[in-house]
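Take any residue in the sequence shown, note its place counting from 1, add 77, and you have its number in this note's numbering. Don't be surprised by glycine CBs; every beta carbon is placed ideally from N, CA and C. Okay, structure first, notes after.
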Amino acid sequence: MEALLPYIERELGELRRQGAAFAQRYPRLAGALPEHQPGADPHVNRLIDAVAVLNARATRRLDDEYPLFAQSLLRQLYPVYPRPFPACAIVRFGAGGSGTTAVPRGTAVRAAPVRGVTCRFRTTADVDLADARVAAARFEPAGADGCCAIVLALEGIPAGGAGRLRLFLNGAPSFCAALRDALFLHATGATAGVSGNRVALPAVPLRQAGFDAGEALLPHGPRGPEPAGILAEYFAFPARFDFIDVELSVLAPYAVAGAVTLRVALAGIDGDGATAQALAPLCADHLLTHCVPAVNLFDCAGTPLTLGPETHGGSVTPNGLAPAAHEVFAIGRVDVLPVDGAAPSRYESCYTRRADEAGSLHGRWWTLRRDERLAAVSPGHETVLALVDGTTPPVAGIVSFDITCTNRDYPTFLMPGELRGEGAAASCVVQLLRQPSPPRRVAAGRAAHWRLLAHLALARGGLMQGDGASLAALLALYDVAGTAVSRRQIAAVAGLRRKPASAWLRDRHGTVAVQGVEVTLLVDPSAFAGTGLHLFARVVDHVLAHTVQLNGFVQTVLTAANTEEELLRCAPRNGKYLLNQTARRT
């Protein structure tokens, strides 16, 4: 009703202005109207108020058609944007009694009821329950530089074993950022300890995790997560990138009695500086195994709807669950079971290509919209499903559909503790390491069409054009958190320069020169204190790499805006592939 109030006031004002103009032009007729006489009839005033309310509702409905179309188009072109971003958390698995050795992506876990609601999560990556673990870890400063020694105890892994050991950086955000930047920005080499001796390794066997297509928090299409999804996840839940992979294939040959010492040499870290002080408490508890991000999403059946000549849809709610404690994230299969016993009819989304192939006259489609009025007065009923049937007369039946839901903000009331695994993790010990993040949502309404235009304008103009304003605008569009920290990072983009570049593409067919572009991003390094510069660079690198043409590449370089010092040079990349390792996704 608050949103309708300006329309009602405008209609009342317009009726009074028109009445005054009528009275001025036709004073004799106006004298017979009770409204313009002292002590006007209150029933007439109520009638005028009712007409104003009806006109206001019609006017608002016409205005709502524009954001409704924009929201539908955004849902199809940029599906991450109009949907709610659910609560996320970090969970840790322990070996179960049934000999489970791996927990696949998508495994469901649930928490004890909180305020009468059972919150459900599903994992976003595979978890290997091998016995490898970090037995000890420490930071060893040495003069002007430092040496960070990570001691790994590899148990149950045979010599020459392959694979990776995934470690979760467990600590405060500022500590995790300092550790990640030290390992990926200041590392100059690595050695493996063998019986007290050190063997130099050809490369540092560490890799930033979290960018593979199979590790996205939110569902995506067959092409993998779009850059928009990476940006939204970075701003909404940056802890999902607090993972690093240790290449066991490099360290396993040097293991003695199942243990090996990895030392990473760091340059440019003052032994008495802020970074060294931040890393001083480093221990094994800061590097945990068997951890994985989990998102508050789960599949369930929707409450069936009745379809008839005068009913073409209704509110989408989970069947058998309290609507106020759940929100619809996405809708899947939609079928209509006719009451005459005929075969079920499958409905397709109105904004997909399948709907066009079904025929514009006899197709069966469905549309989904969010009713902000229902969201305010009746939470859980705001998602409205409407069916369009090209047949005559419309089919009468029962609408059956599957939905993906969240638990709204109920996960934020959970405290760290034990969870219950399902499926492959039914016998595992599952622990919630941190309180889940709050759910996020981009404000809807009439600004939706401006966001759509901003997306299309950025796609048309290109992110690598101009002085970095386009890139900063894209970052601001997906800043779903809207915190002071995220705004500071976006404001740190001070400029952008680009120039042609070339590199060698090596594959099994040979070596060929490839033309691309080198993008130098000028940033303020101080703006990333507590969040980490390396992670921001990797996110921007993946975003820019998806704008490259088929036979080109982009190489992202981060430079300090005030000193022109090169901070980080990323590997040449085309989309999700490194240029010199086209078969490897990163």
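Please report the distance separating the alpha-carbon of residue i from that of residue j.
i: Tyr84; j: Ala378; result: 38 Å
i: Leu308; j: Val617; result: 8 Å
i: Gly559; j: Val186; result: 29 Å
i: Ala580; j: Met541; result: 19 Å
i: Pro159; j: Glu449; result: 13 Å
i: Leu246; j: Phe320; result: 6 Å
i: Ala407; j: Arg210; result: 38 Å
i: His363; j: Glu217; result: 16 Å
i: Leu150; j: Ser392; result: 21 Å
i: Val411; j: Leu325; result: 46 Å
i: Arg93; j: Thr136; result: 18 Å
i: Arg564; j: Val472; result: 51 Å
i: Asp222; j: Pro513; result: At Asp222 the pLDDT is 49, less than 50, meaning the model places this residue with poor confidence; the figure from the coordinates comes in the next sentence. Approximately 37 Å between the Cα atoms of the pair.
i: Ala463; j: Val476; result: 11 Å
i: Tyr555; j: Ala305; result: 7 Å
i: Arg441; j: Ile167; result: 41 Å
i: Thr380; j: Ile480; result: 10 Å
i: Gln508; j: Phe170; result: 6 Å
i: Asp322; j: Val180; result: 17 Å
i: Ala503; j: His263; result: 42 Å
i: Thr265; j: Ala344; result: 6 Å
i: Leu588; j: Val413; result: Checking the sequence shown, residue 588 turns out to be Thr, not Leu. Those two C-alpha atoms are separated by around 56 Å.
i: Gly543; j: Leu644; result: 21 Å
i: Gly90; j: His619; result: 54 Å
i: Arg81; j: Ile125; result: The amino acid at residue 81 is misidentified as Arg; the sequence shows Leu. Distance between the alpha carbons of Leu81 and Ile125: 16 Å.
i: Gly593; j: Glu641; result: 22 Å
i: Gly664; j: Arg87; result: Residue numbering for the chain in the displayed model covers 78 to 663; residue 664 lies beyond these limits and cannot be assessed.
i: Thr608; j: Arg257; result: 10 Å
i: Glu404; j: Thr394; result: 8 Å
i: Leu382; j: Ala590; result: 60 Å
i: Pro386; j: Tyr424; result: 17 Å
i: Pro488; j: Pro515; result: 8 Å
i: Glu310; j: Asn274; result: 43 Å
i: Asp486; j: Leu496; result: 18 Å
i: Glu79; j: Val454; result: 11 Å
i: Arg665; j: Gly545; result: Outside the displayed range of the chain (78 to 663) lies residue 665, so it cannot be described from this structure.
Am I right that residue i and residue j are in contact with their C-beta atoms under 8 Å? What's the rounded C-beta distance?
i: Val372; j: Cys165; result: 5 Å
i: Asn484; j: Cys196; result: 5 Å
i: Leu612; j: Phe318; result: 5 Å
i: Ala267; j: Leu339; result: 6 Å
i: Arg199; j: Leu374; result: 6 Å
i: Ala355; j: Phe252; result: 6 Å
i: Thr201; j: Glu292; result: 6 Å
i: Val562; j: Thr597; result: That belief does not hold up - the Cβ atoms of Val562 and Thr597 are roughly 25 Å apart, past 8 Å.
i: Ala259; j: Thr352; result: 6 Å
i: Ala606; j: Ala569; result: With a Cβ gap of about 10 Å, Ala606 and Ala569 do not count as contacting.
i: Ala399; j: Val194; result: 7 Å
i: Ala249; j: Leu359; result: The pair is not a contact, with the Cβ atoms about 12 Å apart (cut-off 8 Å).
Take residue i and list the residues in its own chain whose beta-carbon comes closer than 6 Å to its own, dropping the five residues that flank it on each side.
i: Ala313; result: Phe162, Arg517, Val557 and Ala558
i: Phe261; result: His611
i: Val625; result: Val631 and Asn651
i: Leu599; result: Ala571, Gly572, Thr636 and Ala638
i: Glu595; result: Lys576, Ala578 and Gln632
i: Val416; result: Ala473 and Gly474
i: Leu451; result: His458 and Glu459
i: Ile567; result: Ala549, Leu552 and Ala553
i: Arg134; result: none
i: Pro649; result: Ala580, Phe630, Gln632 and Leu656
Would you say residue i lies against chain C (beta-carbon separation less than 9 Å)?
i: Gly409; result: The displayed structure is made up of one protein chain only, and chain C is not part of it.
Near residue i, what residues of its chain come up, given a Cβ to Cβ distance below 7 Å and the 5 sequence neighbours on each side ignored?
i: Ala316; result: Ile167
i: Cys427; result: Trp442, Trp443, Thr444 and Val465
i: Ser272; result: Val333
i: Pro421; result: Asp412, Val413 and Leu414
i: Pro602; result: Leu610, Ala637 and Leu644
i: Arg574; result: Thr597
i: Val204; result: Phe170, Ala179, Val180, His367 and Val369
Less than 8 Å between C-beta atoms, sequence neighbours within five positions excluded: which residues of the same chain meet that for residue i?
i: Ala212; result: Val228, Leu229, Ala230, Ala336 and Ala361
i: Ala531; result: Ala550 and Leu554
i: Cys505; result: Phe170, Gly171, Ala172, Gly173, Thr177, Val180, Leu206 and Gly498
i: Ala129; result: Ile85, Glu88, Leu89 and Leu92
Quiz item: Taking one C-beta from the segment 359-368 and one from the segment 484-502 each time, how about it: are there three or more such pairs within less than 8 Å?
Solution: no
Quiz prompt | Sufficient close CB pairs (3 or more, under 8 Å) joining the segment 331-339 to the segment 269-278 | solution = yes
Quiz prompt | Whole runs of the beta strand (DSSP E) within the segment 366-433, excluding any shorter than 3 residues | solution = The qualifying runs are 368-372, 375-378, 382-384, 390-392, 404-415 and 422-426.
Quiz item: For the 8 Å Cβ check, are there 3 or more pairs between the segment 284-300 and the segment 338-349?
Solution: Between the segment 284-300 and the segment 338-349 there are fewer than three C-beta pairs closer than 8 Å, too few to call the two in contact.
Quiz item: Which residue spans inside the segment 579-634 form an unbroken alpha helix (DSSP H) run of at least 4?
Solution: Counting whole runs of 4 or more residues, the segment 579-634 contains the alpha helix (DSSP H) stretches 610-622.
Self-check item: Those runs of the beta strand (DSSP E) which lie wholly inside the segment 274-345 and span at least 3 residues
Solution: You should have 274-277, 283-285, 320-324 and 336-343.
Practice problem: Can you check the segment 442-477 for any beta strand (DSSP E) of at least 3 residues that lies completely inside it and give the ranges in chain order? | Solution: The segment 442-477 contains, as complete beta strand (DSSP E) runs of 3+ residues, the segments 460-466 (chain order).
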